[in-house]
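Going by the working numbering, the sequence shown opens with residue 138, and the numbers climb by one from there.
So the structure is just underneath, and the comments pick up after that.
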Amino acid sequence: MNKKAIIYKKDDKKKILIGNVFLLTALFLVGGVCILFWEGFMRGSDFSWTVQQPDYWNAVVEMLLVFWVYVICLTLPVNKAIYRYIGIILSFLVLMYMHAFIFAILVSVLYALMIYLTGHLICKSIYRYDKDIANEFHFCFTIGVAGIICLVAIASLLKCGTPSKLRLIFPIVFISELILERKQIKQKITKIGEGFEHRFNAKGDFIVAAILALICTMVTVQACRANLGIDYDSIWYGLRSNYVLAPENGIYDKLIMMACVYTYSKGFEVLSLVFSGLPSYSFTISVNVMMGVLTLLAIYRLGQIAGRKRTSLFFVLLVSLTPSIMNMMVTAKSDTVTIYLQVVVLLYAALALKEKRGQYLLLSFSVLLLSFGFKPSSIVFSTMIAVILLIMIGIVRIRPSRKDFCLFIMPLASICFLWGRTVLITGYPITSLVVPLFEKMGYYPKYPYTLPPNATMSLKTLLTTEAFWERLLRLPKIFFYPNTSDVYTLEMTWWGPLFSVIWIVSLFSILLKPIKAIMRIKEDCIYGFQVICFLVCSGVSLGCMMLLSTPDGNYFVLMHILTYWYASTELCRFCFKGKKLAGIIAVPLVACNFLLCIAISWAWSVGLTPIEMDNYGYYNHEVKQVNPQMQANELTEVYEYLKSSEIQRMIVCSEKEAAMFKLPAVVESYTHQKVWAPETIKTVEELYGFLKYADVDSILFDEAYSSVDSHCTELVKALIDQGKLEMEFSAYGYAIFHVVDNNEPDGAAVQYMNNVLASLENNS
138 MNKKAIIYKK
148 DDKKKILIGN
158 VFLLTALFLV
168 GGVCILFWEG
178 FMRGSDFSWT
188 VQQPDYWNAV
198 VEMLLVFWVY
208 VICLTLPVNK
218 AIYRYIGIIL
228 SFLVLMYMHA
238 FIFAILVSVL
248 YALMIYLTGH
258 LICKSIYRYD
268 KDIANEFHFC
278 FTIGVAGIIC
288 LVAIASLLKC
298 GTPSKLRLIF
308 PIVFISELIL
318 ERKQIKQKIT
328 KIGEGFEHRF
338 NAKGDFIVAA
348 ILALICTMVT
358 VQACRANLGI
368 DYDSIWYGLR
378 SNYVLAPENG
388 IYDKLIMMAC
398 VYTYSKGFEV
408 LSLVFSGLPS
418 YSFTISVNVM
428 MGVLTLLAIY
438 RLGQIAGRKR
448 TSLFFVLLVS
458 LTPSIMNMMV
468 TAKSDTVTIY
478 LQVVVLLYAA
488 LALKEKRGQY
498 LLLSFSVLLL
508 SFGFKPSSIV
518 FSTMIAVILL
528 IMIGIVRIRP
538 SRKDFCLFIM
548 PLASICFLWG
558 RTVLITGYPI
568 TSLVVPLFEK
578 MGYYPKYPYT
588 LPPNATMSLK
598 TLLTTEAFWE
608 RLLRLPKIFF
618 YPNTSDVYTL
628 EMTWWGPLFS
638 VIWIVSLFSI
648 LLKPIKAIMR
658 IKEDCIYGFQ
668 VICFLVCSGV
678 SLGCMMLLST
688 PDGNYFVLMH
698 ILTYWYASTE
708 LCRFCFKGKK
718 LAGIIAVPLV
728 ACNFLLCIAI
738 SWAWSVGLTP
748 IEMDNYGYYN
758 HEVKQVNPQM
768 QANELTEVYE
778 YLKSSEIQRM
788 IVCSEKEAAM
798 FKLPAVVESY
808 THQKVWAPET
818 IKTVEELYGF
828 LKYADVDSIL
838 FDEAYSSVDS
848 HCTELVKALI
858 DQGKLEMEFS
868 AYGYAIFHVV
878 DNNEPDGAAV
888 QYMNNVLASL
898 ENNS
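So, in structure tokens, the structure goes:
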């Protein structure tokens, strides 16, 4: 044996030894994290009650059975892979019927087709010089999203943008697109069949089949409990768009709501507006389920740019096992569609760097521009991607063609429509994070909005107080043990031990050999893009964890995606050298996150939607959730009265906001008014001026609230005494006063308020 062979043999042994030490260290880390997870989070937190419920374990058992059904389907001895997936689809549809979600799923599929066809038609007409762009599915879909937003905005300007009118417009548009694009649909169906044969064929590979089955199972978990995932935030401003976004003519209607969540760029709410106002909330939520599935598909393609088939599947699996990502699929919040757009941005940015093609670069920037119309935090994270991409462009030197700048037309138009609504209502283009910047540019708030800077985001406050050390010490809690009062909000949006371990291992794999990493960045631009995005996003996310007084796990979804992207390509090299040890490490982490995904929910719901075989294919939330809540709060008579009356805009004086926001009217809470527009309630004159400005019809007064907020009671009494309110309805401790402009006080209203004050005095 020559000297070179001996040297190579020693180097191989050294690499194997380093790899084994690396894996053993990770194994000890995993063991400690899993013990901490079980003893602290599952047994010692608020979810310790959840895991003791029979419904929770019934859901776990059902999903394990579903997993094995999917595995069997994927390993069937048939020649074509598409037949195996037909078995999975049929099994999935049976489950959807059993859990009363099948109509919502089918409608979301048709709506996704409509969005894609809209985008494809726009791409063919505006970008017709290049067929490659028109065949890019994800770009066509994102352009379709922009097209739907523009369609709703134009309909609103023409005073026909309410959900009921859109349900007449959209079918006409969809049928027209089906006729025009019938050839494209046939080609796309054929291409999908071929894609399953080449990309998702698990024949003879049990590991690939198990990974695919687990991914499908994690999507099924969310769909099977979507009807129960009606959280407070979704009710507050997401599911009631027919009242809070387009009550009269469309999205440019005057608001009476003060909280900033009503004035954000309402991209998701506009996209799903057509489904608002139905007895079932499932159709709105199904839009997010559809966006979640598309996100996983985009992630798979992103993983292929820097990895192989199996590493791409690992990437998708890691994402599908992360609760803070997947659980957002069953809310009416904009997180899922935002992360989809950001993944598409990363996808086309990576393709631009790999192929050095300027057209992909502008595709990436146009989708990035569209993302600003959705989740407010995209201002931070999408801008971060843009800066990184500009740096990489300078290194790689990609020059786009001037004619490709027309790719910005539709995203720019949709952003103008969305930001124009915010300007029309508040005077600012954006009402979060950058308010001081707009003030320096000459923007001023419109009455009655003040929009003060958020004190919880003040860097000066953080650095000049003890908060810095307190928040620094809570970082380990956020990553490993979110079970204390200072991070309690993370309990329902935590990412689980899987991400925490992978993030630490990924960080150390770079920092232990920084010179080697820097040298490789120069040689491999895709690796450089991965590493820079991972490190910068981790730094920005850690900074946000420090700045925010109450961070939510869903704020850091992009950090999860970038970490998994790096880990699925780089850390897998160690795993392939020690497959058995890697499997030992992976199993407990996967098990922990599987259990966590079923336990965690934004709505704190337990288990899955109850199985009903005679459910007619949909879940009636009005009958099964809204009506019982009205009855529990003695609001049934109020609810029925509002359904039959002409009242449209109402201020509620009550602490029962969770129930009040489900009343069939445009509802604003006095509590929110007190926080977001205190100037409007300083005096009775200011309050009455606001009522007239916002066209408020009535005030709903809860007698129990009189002992909570005496100032509110005084204002209502003063309005009654001045003849500005008259009694319209009263029942079970609630009264509805109609806003009028009389000079004489209404006798019934005066008598009612005197009785309330007398009762309050007796109780005190």
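Quick reminder that beta carbons are idealized off the backbone N, C-alpha and C, glycines included.
Everything numeric in this text was worked out from a predicted model, so none of it was measured.
Three-state class that DSSP yields for residue i in the structure shown
{"i": "V467", "result": "helix"}
{"i": "C790", "result": "strand"}
{"i": "V845", "result": "coil"}
{"i": "E774", "result": "helix"}
{"i": "G715", "result": "With a pLDDT of 47 at G715, under the threshold of 50, the predicted position of this residue should be treated as unreliable, though the coordinate-derived value follows. In the structure shown, G715 sits in coil (DSSP, three-state: anything other than H, G, I, E or B)."}
{"i": "T593", "result": "Its pLDDT being 49, under 50, T593 is placed unreliably by the model, and nothing is read from it."}
{"i": "W631", "result": "coil"}
{"i": "G557", "result": "helix"}
{"i": "A886", "result": "helix"}
{"i": "P384", "result": "coil"}
{"i": "K446", "result": "helix"}
{"i": "V833", "result": "coil"}
{"i": "H236", "result": "coil"}
{"i": "K217", "result": "coil"}
{"i": "P300", "result": "helix"}
{"i": "S419", "result": "helix"}
{"i": "W702", "result": "helix"}
{"i": "L894", "result": "helix"}
{"i": "P651", "result": "helix"}
{"i": "A396", "result": "coil"}
{"i": "S569", "result": "coil"}
{"i": "D623", "result": "helix"}
One or two residues paired with residue i in a DSSP bridge
{"i": "Y871", "result": "D839 and A868"}
{"i": "E863", "result": "H875"}
Host beta strand (DSSP E) of residue i (start-end)
{"i": "E805", "result": "V803 to S806"}
Environment of residue i [buried if 16+ CB atoms lie within 10 Å]
{"i": "V724", "result": "exposed"}
{"i": "K799", "result": "buried"}
{"i": "N620", "result": "buried"}
{"i": "N899", "result": "exposed"}
{"i": "L506", "result": "buried"}
{"i": "G256", "result": "buried"}
{"i": "L648", "result": "exposed"}
{"i": "A350", "result": "buried"}
{"i": "E660", "result": "exposed"}
{"i": "M466", "result": "buried"}
{"i": "A895", "result": "exposed"}
{"i": "V902", "result": "Shown here, the chain extends from 138 to 901; a query on residue 902 therefore has no answer."}
{"i": "A283", "result": "buried"}
{"i": "A592", "result": "For A592, the predicted model reports a pLDDT of 45, less than 50, meaning its position is unreliable; a value from the coordinates is still stated below. When all chains shown are included, A592 counts as exposed."}
{"i": "Y869", "result": "exposed"}
Limits of the unbroken alpha helix (DSSP H) element including residue i
{"i": "F671", "result": "C662 to L684"}
{"i": "W373", "result": "W373 -> no alpha helix (DSSP H), and no H or E assigned at all."}
{"i": "D192", "result": "P191 to L211"}
{"i": "M767", "result": "N764 to A769"}
{"i": "K819", "result": "Run containing K819: none; DSSP gives neither H nor E here."}
{"i": "P613", "result": "A604 to F617"}
{"i": "A350", "result": "F343 to C361"}
{"i": "M529", "result": "S515 to V533"}
{"i": "Q496", "result": "G495 to S508"}
{"i": "E406", "result": "G404 to L408"}
Residue from the options whose Cα sits closest to the Cα of residue i
{"i": "I252", "options": "C543, V289 and L695", "result": "V289"}
{"i": "M578", "options": "Y586, Y584 and I567", "result": "I567"}
{"i": "L303", "options": "A350, A383, M890 and T327", "result": "A383"}
{"i": "A469", "options": "L392, G284, S417 and R438", "result": "S417"}
{"i": "E759", "options": "F204, N364 and I286", "result": "N364"}
{"i": "G680", "options": "L612, F645, L627 and S402", "result": "L612"}
{"i": "S449", "options": "D858, V345 and Y869", "result": "V345"}
{"i": "Y825", "options": "H848, S847 and A855", "result": "A855"}
{"i": "Q785", "options": "Y776, S791, K793 and E792", "result": "Y776"}
{"i": "S835", "options": "E822, C790, S413 and P815", "result": "C790"}
{"i": "E822", "options": "K861, I348, C287 and A802", "result": "K861"}
{"i": "L499", "options": "F866, P537 and F509", "result": "P537"}
Minimum Cβ-Cβ distance from residue i to chain C less than 9 Å
{"i": "P634", "result": "Looking at the structure shown, chain C is missing, and only one protein chain is on hand."}
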